[in-house]
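Protein chains: 2
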Amino acid sequence: MPPPPDPAVLHGMPLFAGLEADALGDVVGQARSRLVPRGTAVFSQGEPAAAGHALIDGRVKIVQTGPDGQQVVLRFIGPGEMFGTLAIFTDGVYPADAVTVADCVELSWPAAAMTALMERHPAIARNALAIVGGRLREVQNRLREVSTERVERRIAHALLRLVRQAGRRVDAGVEINFPLSRQDVAEMTGSTLHTVSRTLSAWEAQGIVESGRQQVVIRKPHALVAIAEDLPAADRP
Amino acid sequence: MPPPPDPAVLHGMPLFAGLEADALGDVVGQARSRLVPRGTAVFSQGEPAAAGHALIDGRVKIVQTGPDGQQVVLRFIGPGEMFGTLAIFTDGVYPADAVTVADCVELSWPAAAMTALMERHPAIARNALAIVGGRLREVQNRLREVSTERVERRIAHALLRLVRQAGRRVDAGVEINFPLSRQDVAEMTGSTLHTVSRTLSAWEAQGIVESGRQQVVIRKPHALVAIAEDLPAADRP
DNA sequence: CGCACATTTGAGGATGTTCAAATGCCGTGG
DNA sequence: CCACGGCATTTGAACATCCTCAAATGTGCG
Chain A
1 MPPPPDPAVL HGMPLFAGLE ADALGDVVGQ ARSRLVPRGT AVFSQGEPAA AGHALIDGRV
61 KIVQTGPDGQ QVVLRFIGPG EMFGTLAIFT DGVYPADAVT VADCVELSWP AAAMTALMER
121 HPAIARNALA IVGGRLREVQ NRLREVSTER VERRIAHALL RLVRQAGRRV DAGVEINFPL
181 SRQDVAEMTG STLHTVSRTL SAWEAQGIVE SGRQQVVIRK PHALVAIAED LPAADRP
Chain Y
1 MPPPPDPAVL HGMPLFAGLE ADALGDVVGQ ARSRLVPRGT AVFSQGEPAA AGHALIDGRV
61 KIVQTGPDGQ QVVLRFIGPG EMFGTLAIFT DGVYPADAVT VADCVELSWP AAAMTALMER
121 HPAIARNALA IVGGRLREVQ NRLREVSTER VERRIAHALL RLVRQAGRRV DAGVEINFPL
181 SRQDVAEMTG STLHTVSRTL SAWEAQGIVE SGRQQVVIRK PHALVAIAED LPAADRP
């Protein structure tokens, strides 16, 4: 049996914001914690949604696979974020795969417990609504990007989003805090790993990024913003 | 002052499913009804979200505009559907334009009334969660399509979605029940009106569709499905 | 009838994909 | 410790798709 979770971990999780201490205890009491090594599927597309999940530590990639095997990265989950809960509120089937891209610690609540908690604490339903609403907006924005922007801008947007979500200051600039392959970026932007590689190479030549095997450091975030916004690149080192 | 709405109109609106009769009365009591002629903006992107809306009759196009003016059609709203409610649950600003593409009758609830109703009747929050969750899925699927499929398949998918949503049997086949331009289809698929026109022309030559000014009739839905699924077109009239 | 707008169609060309092959990096097992 | 095998990445070349530009044609409304 995994260690019983500490109520403190729920702090800062938007889904449980505004709950009383005893309500939080109720929530924590229903949770299971688990260690998941890198490269493992937490759940898979098409499975019945047995549980809702929250990430305590690590990073999880949410990938949707189409009928012909084409994959799209829907999002990366960081500590404090929920995932796999949508299915519980809709048709009960996970709509995507969740794969750990680093060693992870996660909490999970059985689907029944999740819905029961929501009935007992209506604030959870309202929080969930705000969260899902926010994600809907995010995806709508990406839909617009993919529909109207060229590849280079989309890649810039994707990296900037990742920086916002998982950026860590290092002396060379800002580093994206988890292993990220060209293929991943391609699947985030509706492109190919070849094009992503070429684009990053070009940016590297201009000193905008530094990148290696599954790792990206942004040296000049402002330059990336200029590309994302399609502004003239008016800057020297 | 518009006519006081009849409680019957709420029947079949998923947002208010499972509510008691008196709760429904409460809901209806807060609503305003309004006639909106074709081509009018119900609300505009960037405005503070003053109200949530439900369509009783007609058709509304939800369009998002990017920083450079590029437009994307997020969805078409038909009778019985809600729209413009997302903003109330998130940041209070409409994320898109809503424009009538036919003469419409709509109900609306002031934002404050909407949230109050939700607090009074928790079932509404749960319904809303399921609805928003369903839309999130839909948009995620479209994101995958736009990211991985070629234009022809995307157009096929878009038309099929419209048929499901607003298809009407006519002797020639199935008609999409509201005025729909090539430009609209282009903005639904991340393409251009030129490409859409060419594609429809080609399909017309094959007897798959019949289309004219802002109007499309699908004569062979199965053929369209074959294109959407990328199957070999194995059929004769 | 004429104007505004929707649609069609052609030609040319850019963007990005596809195909192919080489190189580099990392952990594993000998 | 080093060699090996599996990935990840890079880069070149050819090509396909689809967009852009341009102009003509059709359709409905005022």
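If you read the sequences in order, they're chains A and Y.
So the first sequence is numbered by full-length UniProt numbering: it starts at 1 and just counts up by one.
So the second sequence is numbered by full-length UniProt numbering: it starts at 1 and just counts up by one.
Ideal placement from N, C-alpha and C gives every residue a C-beta, glycine not left out.
* Asked: Measuring CB to CB, does A:A166 end up less than 9 Å from A:T189?
  -> Along the first sequence, one-based indexing puts residue 166 of chain A at 166. Along the first sequence, one-based indexing puts residue 189 of chain A at 189. No, these two residues do not count as a Cβ contact at 9 Å.
* From which residue to which residue does the beta strand (DSSP E) around A:R32 run? -> Position 32 of the first sequence, counted from the first residue, corresponds to residue 32 of chain A. 32-36 is the span of the beta strand (DSSP E), which, as asked, contains A:R32.
* **Under 7 Å by beta carbon: chain A residues contacting Y:F89** => The sequence position of residue 89 of chain Y within the second sequence is 89, counting from 1. Ordered by position in chain A, the residues that pass the 7 Å Cβ test against Y:F89 are L129, A130, G133.
* Taking Y:T148 as the query, report the chain A residues whose CB atoms sit under 7 Å from its CB, ordered along the chain. => Position 148 of the second sequence, counted from the first residue, corresponds to residue 148 of chain Y. Residues of chain A whose Cβ lies closer than 7 Å to the Cβ of Y:T148 are, in chain order, G66, Q70, V72, G190.
* Asked: Which residues of chain Y have a Cβ atom closer than 8 Å to the Cβ of A:V139, listed in chain order?
  -> Sequence index remark: in the first sequence, residue 139 of chain A carries index 139 (1-based). Simply L136, V139, Q140, L143.
* Measuring CA to CA, which of A:T90, A:P179, A:I227, A:N127 is closest to A:R154? -> For the purposes of this step, residue 154 of chain A is taken as the residue at position 154 of the first sequence. Cα-wise, what sits closest to A:R154 is A:I227.
* Asked: In the DSSP assignment, what residue or residues form a beta bridge with Y:L107?
  -> Position 107 of the second sequence, counted from the first residue, corresponds to residue 107 of chain Y. Answer is Y:S33, Y:A54, bridged to Y:L107.
* Secondary structure at Y:P4, three-state DSSP: helix, strand or coil? -> Against the second sequence, residue 4 of chain Y aligns to sequence position 4. Residue placement at Y:P4 is flagged as unreliable, the pLDDT there being 47, under the threshold of 50; a coordinate-derived value is accordingly withheld.
* List the DSSP bridge partners of residue 241 of chain A. => What is shown of chain A runs 1 to 237, which leaves residue 241 of chain A out entirely.
* Under 9 Å between C-beta atoms, does A:A96 make it to chain Y? -> Here residue 96 of chain A corresponds to residue number 96 of the first sequence, with the count starting at 1. Output row for A:A96: interface = yes.
* To do: For the segment 146-199 of chain A, list the beta strand (DSSP E) runs that are entirely contained and at least 3 residues long, ordered along the chain.
  => 167-170, 173-176
* Between the beta-carbon of Y:F16 and the beta-carbon of Y:Y94, is there less than 9 Å? -> As a first step, residue 16 of chain Y is located in the second sequence; it is residue number 16 there, counting from the start. As a first step, residue 94 of chain Y is located in the second sequence; it is residue number 94 there, counting from the start. For Y:F16 and Y:Y94, no; Cβs fall outside 9 Å.
* Asked: Can you name the start and end residues of the beta strand (DSSP E) that A:A17 belongs to?
  -> Within the first sequence, residue 17 of chain A is the residue found at index 17, counting from 1. Where A:A17 is concerned, there is no enclosing beta strand (DSSP E), given that its DSSP letter is neither H nor E.
* To do: Reducing DSSP to helix, strand and coil, say where Y:I208 ends up.
  => Taking the second sequence and counting its residues from 1, the one referred to as residue 208 of chain Y is at position 208. Y:I208: coil per DSSP, three-state reduction.
* **Rounded separation between A:D22 and A:L55 - CA only** => Against the first sequence, residue 22 of chain A aligns to sequence position 22. Against the first sequence, residue 55 of chain A aligns to sequence position 55. Cα to Cα, A:D22 sits roughly 22 Å from A:L55.
* **DSSP-derived helix/strand/coil call for Y:A202** => Position 202 of the second sequence, counting from 1, holds the residue named residue 202 of chain Y. It is helical.
* Looking only at DSSP bridge pairs, what is A:V93 linked to? -> Translated into positions along the first sequence, residue 93 of chain A becomes position 93. Paired residues: A:P48.
* Asked: Is the Cβ-Cβ distance between Y:G84 and Y:G133 less than 9 Å?
  -> One-based indexing of the second sequence puts residue 84 of chain Y at position 84. One-based indexing of the second sequence puts residue 133 of chain Y at position 133. Contact: no.
* Asked: Taking the alpha carbon of Y:G58 as the point to measure from, which residue in Y:L86, Y:V27, Y:V99 has its own alpha carbon closest?
  -> Against the second sequence, residue 58 of chain Y aligns to sequence position 58. The residue with the shortest Cα to Cα distance from Y:G58 is Y:V99.
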